[in-house]
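Chains A and B are the protein sequences, given in the same order. So the first sequence is residues 166 to 613, counted in this note's numbering. So the second sequence is residues 1150 to 1455, counted in this note's numbering. See below for the structure under consideration.
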Amino acid sequence: MANLPRRRFLQLSALAAGGAALSACGGEGPAATPAAVGPTGAAAKGDITVWSWQGPAAMMKALVPDFHKAFPGIRVDVQDIGNPAIWDKITAGMAAGGQGLGDVLHIGVDYLPAYIEKFPGGLADLRPFGADRHRDSFAPGMWETVSREGKVYALPWEANSAGFYYRADLFEKAGVDVEALRTWDEVIEAGIKLKEKTGVQLLGIDKPASQADSANLFQMLLQLQDSFYFDMQGNITLDTPQAVTALTIIKRLNDAGLVADMAGGWNTMITSIKSGSVAVQSMPTWFGGIIEESAPDQKGKWKVRLPPAVTEGGKVAATVNSTHLAVAGTSKVREAAFAFAEFVLTRPESQVAIYKGKGIAPALMSAYDDPAFHEPSAFFGGQKKGEVFLEALKQPSYVTNYSADYPRALKIVTDAQSRVLLKGADPATVLKEAADLIAQQTGRKVLR
Amino acid sequence: MTVLTQRAGAPPAKRALTRRGRPAGTIAPYLFVAPALLLFAAFKLYPIAWSFWLSLFRTDGALQTFAGAANYRRLVADPLFWTALGNTGIILLVQVPLMLALAMGLAVALNSPLLRFKGFIRLGFFMPMVTGLVAYGLLFAILLNPQSGLVNWALGLAGVDPVPWLTDGLWAKIAVGLALTWHYTGYNAVIYLARLQALPKDHYDAAAVDGAGAWHRFRHVTLPGLRPVMLLTLVMSTIGTLQLFDEPYVMTGGGPDNNTMTLGLYLYANGFRYFDFGYASAIAYALAVIIGILGVVQFKFLGDKP
Chain A
166 MANLPRRRFL
176 QLSALAAGGA
186 ALSACGGEGP
196 AATPAAVGPT
206 GAAAKGDITV
216 WSWQGPAAMM
226 KALVPDFHKA
236 FPGIRVDVQD
246 IGNPAIWDKI
256 TAGMAAGGQG
266 LGDVLHIGVD
276 YLPAYIEKFP
286 GGLADLRPFG
296 ADRHRDSFAP
306 GMWETVSREG
316 KVYALPWEAN
326 SAGFYYRADL
336 FEKAGVDVEA
346 LRTWDEVIEA
356 GIKLKEKTGV
366 QLLGIDKPAS
376 QADSANLFQM
386 LLQLQDSFYF
396 DMQGNITLDT
406 PQAVTALTII
416 KRLNDAGLVA
426 DMAGGWNTMI
436 TSIKSGSVAV
446 QSMPTWFGGI
456 IEESAPDQKG
466 KWKVRLPPAV
476 TEGGKVAATV
486 NSTHLAVAGT
496 SKVREAAFAF
506 AEFVLTRPES
516 QVAIYKGKGI
526 APALMSAYDD
536 PAFHEPSAFF
546 GGQKKGEVFL
556 EALKQPSYVT
566 NYSADYPRAL
576 KIVTDAQSRV
586 LLKGADPATV
596 LKEAADLIAQ
606 QTGRKVLR
Chain B
1150 MTVLTQRAGA
1160 PPAKRALTRR
1170 GRPAGTIAPY
1180 LFVAPALLLF
1190 AAFKLYPIAW
1200 SFWLSLFRTD
1210 GALQTFAGAA
1220 NYRRLVADPL
1230 FWTALGNTGI
1240 ILLVQVPLML
1250 ALAMGLAVAL
1260 NSPLLRFKGF
1270 IRLGFFMPMV
1280 TGLVAYGLLF
1290 AILLNPQSGL
1300 VNWALGLAGV
1310 DPVPWLTDGL
1320 WAKIAVGLAL
1330 TWHYTGYNAV
1340 IYLARLQALP
1350 KDHYDAAAVD
1360 GAGAWHRFRH
1370 VTLPGLRPVM
1380 LLTLVMSTIG
1390 TLQLFDEPYV
1400 MTGGGPDNNT
1410 MTLGLYLYAN
1420 GFRYFDFGYA
1430 SAIAYALAVI
1440 IGILGVVQFK
1450 FLGDKP
């Protein structure tokens, strides 16, 4: 049973993460002979520090006792630096030539290209420690994401698909069948109905962009249309019909009064879940765990599906992002650090434990054989939540080039979105301005 | 009087002390200041010089290529730099004078002989200064939260519509200004108060004898007397405002749509978000030049004339 989904998963994740050489229809692929899983590292010694954030940090902490048993020579200190604070802290450490960095660094795909390209030597090449033996344990596309010019800079952890979490009880009250919604046009109609019947707004956005990640919905709508801020060549693709369509959907949602202001970012969003002030959280795989943890009393009220398509018959699956464990290039205990990353990411039991704990979806293929991913979830109304996202991973997904200039582009995009949401600006105009501004600041070309 | 004349006779003993000076003695003071000088050189001088050097490079993280004045040319053409400068300028022109006037009024009131519980009240006004920058920024962000903040709730009780603190460009600027005023007014008031208490009482007595009322005494005795500290507080507040970072960072993140973006925030974003250390250094030097020019201007107009 596990074999077929796995093979498809492999093929499609290859597409997802940009394994250019890998064909989607190529039979067995390189995963036909997966390497022996689990760390085989030597008896490395030393004290290592691990930098991560919130949920993943807690999960790694929980794995430490087992790790100490397996590697008595290594002591691990997992630190919850917080997200987004961790990016500033890693940058400062890299800029200081690696001084004060943790040994193991948890890095999102949005920052990984910048660290690899802008700080040569900042992240250790993991091949000398035998990272290559795990190449086929992950989706091959994932391996492309963490590799550059033959070097391997990290081991993949999460593969997150776009999701559409919703309060089934509220929609039921409004008489809306959420599973039947095919496009975002229908979502807007449903949202209007929902607001009329229940007084609850459809979803929330950090309108003034008080936190850096306020463009999540916009990005997802782009990725569902096989588009992003940059194309694979690094050209700016914000002055495109796809981008205008995405931002126009957000404007229409807002103009219809369906968008709650989540100024304050994360904390406000969590509060809104607890108080039930919005009915939809259009967030990736890992967010299910956050909802479950934030509002345990809402058990049975939530459900999840893949997001509706942007246009009739369009895509409903997108691998929106991934995260990875890297080893600092200046770490004095790189081998020990790698042993820990390997222990966390290449043993199915570790990843299954993490999935059970926080709902974080692994890129490690063999983990999906575990029944944990195929069980009905009591919190999500008896749905097989894991299979919903596994379904997404099986579908062809768009290759996202975050590029090393992502942080700068993100800031400019969120400002443009703020102008639309707060001042009613025209999506096409603000996106054109945003594209030009990114070009001015980065020297990249705008594709029009 | 007798005490003074006795003191005046003391110098011989002092001279005897200095005569004991030896070569070793001339080194000693340098040894004493050496640690401070070394620390200053290592943590101030070196970064300042290095930052200028860096501002001449096109940097991309750890990759650097010499680019001469390219970063400065880029600065002039960068709309976000001008937005940040404009925002900082508005806060400087509006918030600083208001705050200093408030501080002065507060200082005069706190100095009034009619006031009871002086120590307690002074402490009350100075306390905000002790609060950590991030802590009070967070506090204001929570209080001013448009949906769940206490301030809008209280305004609601009074029948006022919720104010879009932090989400509207103008209100966000006002919110940052309010936070700054809350934090620094007491601090400036204490400086004014210290000066007020050092003003010779006989000037007031003389003015009173000449028939000057309260306003005239303030206008012609207090204000001229406060002049040196007015310069001090003005220069300090100007420098502080131009370097403004913590409050907008915590409260608004520079938003919405760059309405509270300051030079400090923009510098930080370029260095630590975009890995563009050369450009960030150029912003820092532009900032230093602006602070220098404003400082000179303020000294010229408010400083003691020779």
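For every residue, glycine included, the Cβ atom is placed at its ideal position computed from N, Cα and C. Keep in mind the model is a prediction, meaning the values are calculated, not measured.
- No Cβ of chain B is located within less than 8 Å of the beta carbon of F336/A.
- In the three-state reduction of the DSSP assignment, A319/A falls in the strand class, which pools E and B.
- The three-state reading of DSSP puts G1268/B in helix, counting H, G and I together.
- Residue M1276/B holds the alpha-carbon nearest to the alpha-carbon of G1335/B among M1276/B, V1438/B, P1313/B, V1182/B.
- The beta carbons of L1393/B and T1237/B sit about 6 Å from each other, so the pair counts as a contact at 8 Å.
- By the criterion of a C-beta distance shorter than 6 Å, E477/A is surrounded in its chain by T348, once the five residues flanking it on both sides are discounted.
- According to DSSP, residue pairing for T214/A in a beta bridge involves D242/A.
- Considering only beta carbons, the part of the stretch 1370-1403 of chain B lying closer than 9 Å to chain A consists of M1400, T1401, G1402, G1403, in chain order.
- Under the Cβ criterion of 8 Å, G1210/B is counted among the residues facing chain A.
- At least one CB atom of chain B sits nearer than 8 Å to the CB of R573/A.
- Here L228/A is buried. Its C-beta has 16 or more other C-beta atoms within 10 Å.
- With contacts defined by Cβ atoms closer than 8 Å, K372/A and L586/A form a contacting pair.
- For S217/A, the closest of A506/A, A604/A, N381/A by C-alpha to C-alpha distance is A506/A.
- With a threshold of 8 Å between beta carbons, A1418/B makes contact with chain A.
- Taking the C-beta atoms as reference points, A260/A is found no nearer than 8 Å to E500/A.
- Against chain B, the CB of R584/A has a partner CB under 8 Å away; the residue lies at that interface.
- Residues of the stretch 247-263 of chain A with a C-beta less than 9 Å from any C-beta of chain B: W252, D253, T256, A257, M259, A260, G262, listed in chain order.
- At least one beta carbon of chain B lies nearer than 8 Å to the beta carbon of Q376/A.
- Three or more Cβ pairs drawn from the stretch 470-485 of chain A and the stretch 543-563 of chain A lie within less than 8 Å of each other, which places the two stretches in contact.
- Judged by DSSP secondary structure, K468/A falls within the beta strand (DSSP E) whose first and last residues are 467-470.
- When Cβ-Cβ separations below 8 Å define contact, A599/A makes no contact with chain B.
- About 5 Å separates the beta carbons of N1407/B and T1232/B, which is inside the 8 Å limit, making them a contact pair.
- Along the stretch 1269-1303 of chain B, going in chain order, the ones with a CB nearer than 9 Å to a CB of chain A are A1290, I1291, N1294, P1295, Q1296, S1297.
- With its beta carbon less than 8 Å from one in chain B, D426/A belongs to the interface.
- In chain order, P1313, T1316, D1317, G1318, P1405, D1406 make up the part of chain B whose C-beta sits under 9 Å from the C-beta of L587/A.
- Straight-line measurement puts the Cα of V365/A at about 30 Å from the Cα of L555/A.
- Bridge pairing for P527/A: E323/A [DSSP].
- Using a Cβ distance threshold of 8 Å, S302/A and P449/A do not count as a contacting pair.
- Within the same chain, Cβ atoms closer than 8 Å to the Cβ of S375/A are found at A428, G429, G430, the five residues on either side in sequence being excluded.
- The criterion of a C-beta distance shorter than 8 Å is satisfied by A425/A and S437/A.
- Sequence-distant partners of I1270/B (beyond 5 residues in either direction) whose C-beta falls short of 8 Å from its own C-beta, in its chain, are L1259, L1264.
- Put simply, the backbone Cα of M530/A is about 20 Å away from that of G453/A.
- Judged by their CB atoms, W1314/B and V1300/B are nearer to each other than the 8 Å cut-off.
- Under DSSP, D426/A takes part in a beta bridge, and its partners are I370/A.
- Contact annotation for R1222/B against chain A: no contact, minimum CB-CB distance about 12 Å [criterion: below 8 Å].
- Look at N1220/B here: in three-state DSSP terms it is helix.
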